[in-house]
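Accompanying notes for the structure given below.
In UniProt numbering, the protein residues as written are 1 to 360.
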């Protein structure tokens, strides 16, 4: 029997082919497996990152929910010498607030007392202390960041009913909520409600410096009506039925240039807190009065002037600014600052301040 001389060569070639085939299979399998493994690993990592980000975001939302920051300023009057200074510095009513604008706009809600009507209409009632600001003043208030302004004060009637109505209309047109006056009884006495991160904050505003004849009635414009029993009942019911989480009442009251509240202020303020008010904020004296922490409620008897042309004393050129932190729908922290105007009636600084504080 003859042997094929190429038999061994064929066998070696076949063996080499098998080895190459096996090697190729192993390399292909390894490449495929590793690629698949990398893809799985990448997907798992991506999903883990997504879960982590979602968890952090959700936790942040939960922690943020029920929280809010409110800033309260004193009297703002943009007429008379303030208006003259605005014109001297370019005519922009943002001028009085510009140095402290970033601080003011750091709040979820900025509240103040507007001590003048805003209008080109009306008749001066004859007082040398009658104020009326140009409608352009509203742009300055908006630029400063005001969300709610009390107009329940002894100057809102300075130029009559037309100027009062214009003030309300112009503020609302700038997305600033006026509180404490309106076109009729319902509007003048309505809650102004703001919702921030699930916190329902309600504002009311009153003054006891006007005769009853200037209060709004059905179909007639005017200011809000303060009946202690009726207002206490409204606040209590709003808190109890959950319509309001945090109640804020602004009151224009007291004695001008007195650095301490009077007995009537104290009686009214404590009655409001007893009814469920969380924050009572006072205006009108033009100087800072004491702060009281009463039965869990905060009473700022007077914040003094914020922007006002009363240059005759250091006290009237300064004011108190209060920053309130809300957590879990309750007041959790209160910070106090002193505001200071320069000779051009521009708020040049807001600095930390220790007020006179009483507690019960």
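Note that beta-carbon positions come from the ideal geometry of N, C-alpha and C, so glycine has one too.
Around the CB of residue 217, fewer than 16 other CB atoms lie within 10 Å, so the residue is classed as exposed. Between residue 80 and residue 145, the gap from beta carbon to beta carbon reaches 7 Å or more.
Excluding the 5 residues flanking it on each side, residue 135 has same chain C-beta neighbours closer than 8 Å at 118, 119, 120, 166, 170, in chain order. As the crow flies, the alpha-carbon of residue 307 is around 15 Å from that of residue 150. In this structure, the beta-carbon distance from residue 192 to residue 203 falls below 7 Å.
For residue 180, the closest of 156, 194, 269, 160 by C-alpha to C-alpha distance is 156. According to the DSSP assignment, residue 341 belongs to the beta strand (DSSP E) that extends over 330-341. Taking all protein chains shown into account, residue 354 has fewer than 16 neighbouring C-beta atoms within 10 Å of its C-beta and is therefore exposed.
If you compare the alpha carbons of 158, 287, 236, 243 with that of residue 260, the shortest gap goes to 287.
By a beta-carbon distance limit of 8 Å, residue 160 contacts residue 125. Their separation comes to about 7 Å. For residue 120, there is no enclosing beta strand (DSSP E), as DSSP marks it with neither H nor E.
If you draw a straight line from the Cα of residue 284 to the Cα of residue 75, it is about 7 Å long.
Going by C-alpha positions, residue 237 is about 25 Å away from residue 360.
In this structure residue 66 touches residue 327 by the C-beta definition: roughly 7 Å separates them, less than 8 Å. Among the bridge pairs identified by DSSP, residue 347 is matched with 341. The continuous stretches of alpha helix (DSSP H) do not include residue 249, which lies in the beta strand (DSSP E) extending over residues 246-252. Within the same chain, Cβ atoms closer than 6 Å to the Cβ of residue 245 are found at 199, 200, 329, the five residues on either side in sequence being excluded. As the crow flies, the alpha-carbon of residue 140 is around 33 Å from that of residue 293. Residue 84 has its alpha-carbon roughly 9 Å from the corresponding atom of residue 344.
Residue range 192-196 is occupied by the beta strand (DSSP E) that includes residue 192. Taking the C-beta atoms as reference points, residue 250 is found nearer than 7 Å to residue 281.
Taking a contact as a CB-CB distance under 8 Å, the pair residue 274 and residue 248 does not count as one, their CB atoms being some 16 Å apart. When secondary structure is reduced to three states using DSSP, residue 258 falls in the coil class, being assigned neither helix nor strand.
With a contact defined as Cβ atoms closer than 8 Å, residue 71 and residue 196 miss out at about 13 Å. DSSP lists no bridge partner for residue 274. Under the DSSP assignment, residue 162 falls in the alpha helix (DSSP H) whose first and last residues are 160-173. The DSSP-derived three-state label of residue 185 is helix. Following the DSSP letters along the chain, one finds residue 205 inside the beta strand (DSSP E) bounded by residues 199-207.
Residue 95 is classed as buried because its beta carbon has at least 16 other beta carbons within 10 Å across all chains shown. In this chain, residue 212 is not harboured by any beta strand (DSSP E), its DSSP state being neither H nor E.
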